[in-house]
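First the structure, in the form of structure tokens, and then the observations on it.
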Amino acid sequence: MKRIRTTLTIIALLIFAASSFAQLRKIPAEVTDAFKAKFPNSNAVEWKDKLKFFQASFEMRDEDYQAKFNSKGEWQETEKTIERDKLPTEVSDGFNKSKYSDWEVKEMSYIEKKDGTDQYRILVRKSDIEKKYLFFNKTGKLLKDPIKI
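Residue numbers (the working numbering): 958 to 1106.
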């Protein structure tokens, strides 16, 4: 029992140390400059270091956004939270025809990617344990059906 507690304590400390380190790294000027150039009218900007990329959460035109940049300042994608009534008809139809149509919709996002593609991400929940992010293209085709979260 004591060995299990010690192991769990060590794991918790390592996780805490890793998350603390991730927040201590300074956001490179290339990243902040690229952000300012791409989103000059943004406000309430908050940065997070996600180790593989830098994420800016911000507001623009009274809407919430998140943008991801690599360490060289290259924009990767932008995500905007949307309401159900803003979901394109094709995407809504695609979701309604999916096997998840009877699951509860928790949130929706529009994602613009650097390769020029658009995606819609829908978080659905069947129970407190069964949740999934579903990804649709603008024609309503289900692109990804990842494992449950």
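Glycine included, C-beta positions come from ideal geometry on N, C-alpha and C.
Of the residues assessed, L1100 falls on the exposed side of the cut-off, its CB having fewer than 16 other CB atoms within 10 angstroms. Residue burial annotation: I1079 is buried, with at least 16 other C-beta atoms found within 10 angstroms of its C-beta. Looking at the DSSP output, R1082 bridges to E1061, K1088.
Relative to the Cα of G1030, the nearest Cα in the group D1085, N1094, E1087, A986 belongs to A986. In this structure G1073 is exposed. Its beta-carbon is surrounded by fewer than 16 other beta-carbon atoms within 10 angstroms. In this structure, E1034 is the residue among K1054, K1098, E1034 with its C-alpha nearest to the C-alpha of F992. Around the beta-carbon of E1036, 16 or more other beta-carbon atoms lie within 10 Å, marking it buried.
Just measuring C-alpha positions, the residue of W1032, S999, F1092, K1009 sitting nearest V1048 is F1092. DSSP places F1011 inside the beta strand (DSSP E), whose first and last residues are 1011-1017.
At a Cβ-Cβ threshold of 9 angstroms, S1014 and K1005 count as neighbours. Positions of the beta strand (DSSP E) runs, each at least 3 residues long and wholly inside the segment 986-1053, are given as 1000-1006, 1011-1017, 1020-1026, 1032-1039 in order along the chain.
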